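For reference, the structure is listed below as structure tokens.
Chains as they are written, first to last, in our numbering: chain A, 57 to 407; chain B, 141 to 435.
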């Protein structure tokens, strides 16, 4: 049984299309997932919280990558679409208390998808920077609605979210939510991975690479761009819904424009147009402030001023990470991972 | 009627600052095709540096302005050389992200040095208002209006007649042609960033003096100018000026008349509603060059 292939030995299209190129890789992933399931048994409540946030970020980042990385439509509106999902969950939880949480999450996702598609309509005429502007405007408009539609969103004060429940059983702790978040994450990541092996996914990639050629080849631009906005916003809406369950209380402050920038940073640092990249980027960006916090608190004995500087340190390291990645590894962590794999594949005879 | 006039005058004043920052934005976009999301942070840096010089080192105002502008220029040059030059030829999203990262870094530096509290800006213009017809207008407003007009005229002349201005316009028109005419395109890029940083720093000093206080929210202007440049056209300097004034007036009118209906916040969102409307009707703005895609 080969562990890692040392070259291209594919003899059929089916093998070329396969997600795992050896049974070993499949077993590794299965073992890893099994190990992941045991995390709630020993993680502290702090790390449980971080892990759940990582899971939510992965769903959101994969969603954004479908739109920006695979279809080439820059979106600065994802924090707002996330807010739509979160507020929908809060509203459904308050007004339809008997609804099983799976349906609530799905409905929130669909609502976010509809809103995303509405703001995706300008994408037919607008490209690149102009689309970035249009989605930025979408962010501010949705934020305005969230702060002023008091009956639904609770305005600036915010609204509390009923815990995810299915009849009597409610997911009210982080370790119970963990299984929901990671179950959904596994399913959605798997769906996204397979999406790009289908006609729809290939159409997305064609639009990204050259929209005019894609249109000449018979790809209906409007249809597929809207579809991309819809699928992406669905993911982001689901992430928002889970965020609402996890935070238990949401207000417009949970969805600032910097959140949208965080998500863009995840896919840039992870790797545009790569599912693995979105996962790596989401982990990196979510864990970066936590690691900084650990570092700052362990050094606070020697440098007491560090705690006061923490907020600006976090911001600065975040910005620096983006700039350094873009300058030195523009294709992100996924590309770096591929290079490392390629190096070891032929080790020690790399020629 | 007085209320209306007051709103319009406030709009013109704020709009002239928008116009200034938008001009920096357009200069960068025109010559380097980079959308600079860190423009607001340049303004922030300018405001804080001038504040520090004025308050801590007691430098006279004119010297403060000179030193601040010099510093901003050097900062612009450094940023272009270290961060933007490696990004030439990268996709739009990467360039947008690098300027967003840059804005985080600049904001972090400002926060780290000066903290997040609002700091009082020393009074530079006498607080006695001038009567403009029936409406009292603060002197700081008039001064900033005057400065903005002088600057706009200066820059228009610079681009029209000076050697560097013409070279920059040539670079914006076609980099290849500019290169073959012996213009250093690299130098023009650097110059564009330096000018944009200087112009924003002036905006920062004026805003600091106008609001008599400086805090992090000044950087929000960097996002507010996006509707301005889209309305005026991304690559048009007169567009930036007219767009700035229009957006300033419109947002003040919308804020003044619609705020009681919606319970506040209309002023902040109005420019973005206008932005969406323009993008739907006339995506290249009032004076922007229409970009036709040919296969």
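The beta-carbon is built from N, C-alpha and C at its ideal position, and this holds for glycine as well.
Predicted model only: the values in this text are computed from it and were never measured.
Under 9 angstroms between C-beta atoms of residue i and residue j
i	j	result
residue 129 of chain A	residue 281 of chain A	yes
residue 285 of chain A	residue 173 of chain A	yes
residue 286 of chain B	residue 297 of chain B	no
residue 121 of chain A	residue 334 of chain A	yes
residue 333 of chain B	residue 168 of chain B	yes
residue 353 of chain B	residue 153 of chain B	no
residue 116 of chain A	residue 328 of chain A	no
residue 289 of chain A	residue 119 of chain A	yes
residue 141 of chain A	residue 303 of chain A	no
residue 157 of chain A	residue 236 of chain A	yes
residue 414 of chain B	residue 367 of chain B	yes
residue 297 of chain A	residue 101 of chain A	no
residue 361 of chain B	residue 205 of chain B	no
residue 233 of chain B	residue 324 of chain A	yes
residue 193 of chain A	residue 316 of chain A	no
residue 265 of chain A	residue 183 of chain A	no
residue 307 of chain A	residue 215 of chain A	yes
residue 252 of chain B	residue 353 of chain A	no
residue 166 of chain A	residue 293 of chain A	yes
residue 405 of chain B	residue 204 of chain A	yes
residue 340 of chain B	residue 212 of chain B	yes
residue 177 of chain B	residue 374 of chain B	no
Exposure of residue i, with buried meaning 16 or more beta-carbon neighbours within 10 Å
i	result
residue 57 of chain A	Note that residue 57 of chain A has pLDDT 45, beneath the 50 cutoff, so the model's placement of it is unreliable and the number below is only indicative. So residue 57 of chain A ends up on the exposed side.
residue 294 of chain B	exposed
residue 384 of chain B	buried
residue 400 of chain A	exposed
residue 198 of chain B	exposed
residue 199 of chain A	buried
residue 229 of chain A	exposed
residue 237 of chain B	buried
residue 305 of chain A	exposed
residue 220 of chain B	buried
residue 316 of chain B	exposed
residue 371 of chain B	buried
residue 142 of chain B	exposed
Which residues DSSP lists as bridging residue i, in chain order
i	result
residue 220 of chain A	A:227
residue 271 of chain B	B:276
residue 170 of chain A	According to DSSP, residue 170 of chain A bridges with nothing at all.
residue 354 of chain B	B:259
residue 306 of chain A	A:215
Residue i Cβ short of 8 angstroms to the ligand FMN heavy atom set
i	result
residue 243 of chain B	In the structure shown, the ligand FMN is absent, as is every other ligand, since no ligand is present at all.
Any chain D beta carbon closer than 9 angstroms to residue i
i	result
residue 130 of chain A	Note that chain D does not occur in the displayed structure, where the protein chains are A and B.
With a cut-off of 8 angstroms, do at least 3 Cβ pairs link the stretch 341-361 of chain B to the stretch 394-402 of chain B?
Not touching, per the Cβ criterion.
For the stretch 375-399 of chain A, list every residue whose C-beta sits within 8 angstroms of some C-beta in chain B, in sequence order.
Result list: 375, 376, 377, 378, 379, 382, 383 and 386.
According to a CB-to-CB cut-off of less than 7 angstroms, which residues of the stretch 172-183 of chain A neighbour chain B?
Residues passing the 7 angstroms Cβ filter: 178, 181 and 182.
Taking a Cβ distance cut-off of 7 angstroms, strictly less, list which residues of the stretch 180-211 of chain A are near chain B, in chain order.
Listed by position along the chain: 181, 182, 184, 185, 186, 188, 189, 190, 192, 193, 196, 197, 200, 203 and 204.
Three or more C-beta pairs closer than 8 angstroms, one from the stretch 264-279 of chain B and one from the stretch 380-394 of chain A: is that the case here?
Contact between the stretch 264-279 of chain B and the stretch 380-394 of chain A is absent, because fewer than three Cβ pairs lie under 8 angstroms.
Pairing CB atoms from the stretch 333-347 of chain A with CB atoms from the stretch 174-182 of chain A, are three or more of them under 8 angstroms?
No, because fewer than three Cβ pairs between the stretch 333-347 of chain A and the stretch 174-182 of chain A fall closer than 8 angstroms, the two stretches do not touch.
At a Cβ cut of 9 angstroms, what residues of the stretch 240-262 of chain B count as close to chain A, listed as they run along the chain?
For the stretch 240-262 of chain B, which is checked against every Cβ of chain A, the residues closer than 9 angstroms are 240, 241, 242, 243, 244, 245, 246, 247, 248, 249, 250, 251, 252, 253, 255 and 256.
Contact residues within the stretch 315-326 of chain A, judged by C-beta distance below 8 angstroms to chain B
From the stretch 315-326 of chain A, only 317, 320, 321 and 324 have a Cβ closer than 8 angstroms to chain B.
Can you give me, in chain order, the residues of the stretch 263-296 of chain A that have a beta carbon less than 7 angstroms from any beta carbon in chain B?
If the cut-off is 7 angstroms between Cβ atoms, the stretch 263-296 of chain A has 268 near chain B.
Counting Cβ pairs closer than 8 angstroms, one from the stretch 106-115 of chain A and one from the stretch 246-260 of chain A, do we hit at least three?
In short, these stretches do not touch, since the Cβ pair count stays below three.
Along the stretch 395-409 of chain B, what residues have a CB closer than 9 angstroms to any CB found in chain A?
Flagged, chain order: 402, 403, 404, 405, 406, 408 and 409.
Could you tell me whether the stretch 370-382 of chain B touches the stretch 157-174 of chain B, using the rule of 3 or more Cβ pairs below 8 angstroms?
Contact between the stretch 370-382 of chain B and the stretch 157-174 of chain B is present, because at least three Cβ pairs lie under 8 angstroms.
To be precise: take each residue of the stretch 217-230 of chain B, compare its Cβ to all Cβ atoms of chain A, and keep it if any distance is under 9 angstroms. Which residues remain?
For the stretch 217-230 of chain B, the residues whose beta carbon sits under 9 angstroms from a beta carbon of chain A are, in order, 222, 223, 226, 227 and 230.
Touching by the beta-carbon criterion (3+ pairs, under 8 angstroms), the stretch 212-223 of chain A and the stretch 411-426 of chain B:
The answer is no - the stretch 411-426 of chain B does not touch the stretch 212-223 of chain A, with fewer than three Cβ pairs under 8 angstroms.
Cβ contact (3+ pairs, closer than 8 angstroms) linking the stretch 242-257 of chain B and the stretch 182-190 of chain B
As far as the Cβ criterion goes, the stretch 242-257 of chain B touches the stretch 182-190 of chain B, which means the pair count is three or higher.
Which residues, in order along the stretch 351-362 of chain B, keep a beta-carbon less than 8 angstroms from a beta-carbon of chain A?
Nothing from the stretch 351-362 of chain B brings a Cβ to less than 8 angstroms from some Cβ of chain A.
Would you list, in chain order, the members of the stretch 225-238 of chain A that have their beta-carbon closer than 8 angstroms to a beta-carbon of chain B?
Those would be none; no residue qualifies.
May I ask you to list, following chain order, the residues of the stretch 413-433 of chain B that have a beta carbon less than 8 angstroms from some beta carbon of chain A?
Cβ contacts with chain A come from 413, 415, 416, 419, 420, 423 and 433.
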